[in-house]
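In case it helps, the working numbering puts the sequence shown at residues 93 to 389.
Cβ atoms here follow ideal geometry from the backbone N, Cα and C, with glycine treated the same way.
Since this is a predicted model, take the numbers as computed values, not measurements.
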Amino acid sequence: MTVQAIKTVGVVGAGAMGSQIAMVCALAGYPVILQDIEHKQLGESSQTLRELMDKKVRKGRLPSEEVEDAFSNITYTTNLNDLESADIIIEAIVEKLEVKRELFYQLSQIVPRHTVLATNSSTIVSSKLVDVVSYPEKMCNIHFFNPALVMDLVEVVQGEHTSGETAEKCMNFVRSIRKTPVLLKKEISGFIANRILGKLMDEAVWLYENGYATHEEIDLVCKKALNHPIGPFALMDLTGIDVNYFVRKQRYEESGDPKDKPASIVADKVAKGELGRKTGKGFYEYNEQGKRIEETV
Numbered sequence: 093m094t095v096q097a098i099k100t101v102g103v104v105g106a107g108a109m110g111s112q113i114a115m116v117c118a119l120a121g122y123p124v125i126l127q128d129i130e131h132k133q134l135g136e137s138s139q140t141l142r143e144l145m146d147k148k149v150r151k152g153r154l155p156s157e158e159v160e161d162a163f164s165n166i167t168y169t170t171n172l173n174d175l176e177s178a179d180i181i182i183e184a185i186v187e188k189l190e191v192k193r194e195l196f197y198q199l200s201q202i203v204p205r206h207t208v209l210a211t212n213s214s215t216i217v218s219s220k221l222v223d224v225v226s227y228p229e230k231m232c233n234i235h236f237f238n239p240a241l242v243m244d245l246v247e248v249v250q251g252e253h254t255s256g257e258t259a260e261k262c263m264n265f266v267r268s269i270r271k272t273p274v275l276l277k278k279e280i281s282g283f284i285a286n287r288i289l290g291k292l293m294d295e296a297v298w299l300y301e302n303g304y305a306t307h308e309e310i311d312l313v314c315k316k317a318l319n320h321p322i323g324p325f326a327l328m329d330l331t332g333i334d335v336n337y338f339v340r341k342q343r344y345e346e347s348g349d350p351k352d353k354p355a356s357i358v359a360d361k362v363a364k365g366e367l368g369r370k371t372g373k374g375f376y377e378y379n380e381q382g383k384r385i386e387e388t389v
C-alpha cells in the first residue's frame with residue numbers, strides 16, 4: 093500500500109498557537125490553510141505574524157525573501173470545507189472537549205481517508221475524540237510548545253487507535269518542519285513536559301497562596317536557583333492563565349480529587365478576565381506590545 097505524502101497542511105484555530113504552527117509549516121515550504129470561524133481573528137493572526145516575522149528579519153534571523161515566501165504559502169479562510177485538500181490537519185482551538193469533538197466530527201465528513209487528524213492539546217488525548225471520526229487509525233496528538241516559532245520540541249502521541257504508519261508519518265512530518273519530535277507510545281494526559289512542569293506550577297501556586305512568598309519572588313528563585321528562563325507565574329501569563337484553569341478543571345472532572353481543582357487564585361484571575369499577556373494583565377501587567385510594564389523584583 094502506498095503511503096500518501098503530506099503535501100498540504102491544514103491548521104484550525106488562528107489564535108497565537110495556531111497562527112505560529114501555520115507559520116512554522118509555511119517556513120518549511122508547505123502550503124498551509126489556516127481556518128478560523130472569525131474573519132476578525134484571521135486578520136489579527138495575519139497582522140501579528142507580520143509583526144513577529146518583520147522583527148526576525150530586522151534582527152537578521154531570517155532573510156526577507158524566505159519570510160515573504162512563507163506568507164505566500166498561507167491561505168486564510170473561515171470555511172471548514174477548504175480543508176478538504178489538506179493531508180494533515182492540526183487543531184489548535186479552545187481547550188474544551190465538546191467543542192473539539194464537534195470540530196473533528198465535521199472534519200471527518202470533509203477530508204479523504206488518508207488525511208491525518210491531530211489535536212495540539214496536551215490534556216485532551218485523541219482517544220477522547222476518535223469515536224466521532226471515520227478513521228481512528230489516522231488520529232493522534234501532535235503537541236507544539238508555546239511559542240511554536242521558538243520552541244524546538246514537539247510531542248507526538250500514539251493512542252491505542254493510532255496506527256504505526258500514522259505515528260511514523262507524523263514523526264517524519266515534524267522533522268520536515270525543522271522541529272525535534274518525541275514519540276509517546278501510550279497516551280497520558282499532560283504528556284511528558286507538561287506533567288513535569290505541572291508539578292512545579294502546583295507547588296509555586298501553593299507557596300504563593302499560603303503566603304510563603306510573593307509570585308515575583310517565586311519566579312526569581314526559579315530563574316536564579318533553577319536556571320529556568322522564565323518563572324512559573326510569568327509562564328502562566330505567557331501561555332494564558334485560562335489554559336492552566338481549563339487543564340486543571342478537566343483533570344478535576346475526570347478524577348474527582350479535590351487536589352486537582354483549579355487553584356483559587358487561578359480561578360479568581362479567570363473570573364476577572366486577567367488572563368496574562370493577551371489581556372494586558374495576569375500576575376503581571378503588560379503594555380500593548382506584550383512587554384512587562386514594571387519589574388518589582
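Assigned exposure category for residue i - 16 Cβ within 10 Å defines buried
| i | result |
| --- | --- |
| Ile385 | exposed |
| Asp349 | exposed |
| Phe375 | buried |
Which listed residue (the options) has its alpha carbon closest to that of residue i
| i | options | result |
| --- | --- | --- |
| Cys397 | Asp244, Thr215, Ala240 and Asn238 | Residue 397 falls outside the range modelled here, since the chain spans only 93 to 389, and no answer is possible. |
| Ser137 | Tyr168, Val225 and Asp161 | Tyr168 |
| Thr100 | Glu176, Ala108 and Arg153 | Glu176 |
| Glu158 | Val116, Val186 and Ala184 | Val116 |
| Val224 | Leu199, Ala118, Lys370 and Glu143 | Leu199 |
| Thr170 | Arg150, Arg153 and Ile129 | Ile129 |
| Ala240 | Lys316, Leu144, Ala326 and Ile288 | Leu144 |
Contact under 8 Å by Cβ, residue i with residue j
| i | j | result |
| --- | --- | --- |
| Ala390 | Ile182 | Residue 390 is absent from the model: the chain starts at 93 and stops at 389. |
| Ile125 | Asp174 | yes |
| Gly102 | Ala178 | yes |
| Glu252 | Ser226 | no |
| Ile202 | Lys192 | no |
| Leu330 | Gly368 | yes |
| Ala296 | Ile284 | no |
| Ala359 | Tyr337 | yes |
Reduced DSSP category for residue i - H, G, I as helix; E, B as strand; rest coil
| i | result |
| --- | --- |
| Thr61 | Nothing about residue 61 can be reported from this structure: the residues present for the chain run from 93 to 389 only. |
| Ile357 | helix |
| Asn171 | coil |
| Met93 | Because Met93 carries a pLDDT of 44, less than 50, the predicted location of this residue cannot be relied on, and the following value inherits that uncertainty. Coil. |
| Gln381 | coil |
| Lys188 | coil |
| Gly46 | The structure shown does not extend to residue 46, since the chain is modelled only from 93 through 389, so no value can be given for it. |
| Ile125 | strand |
Residues that DSSP places opposite residue i in a beta bridge
| i | result |
| --- | --- |
| Pro273 | Val246 |
| Thr211 | Glu183 and Asn233 |
| Gly107 | Gly107 pairs with nothing; no bridge assigned. |
Residue i: CB within 7 Å of a non-hydrogen atom of the ligand SAM
| i | result |
| --- | --- |
| Lys151 | Looking at this structure, you won't find the ligand SAM or any other ligand, since it has none at all. |
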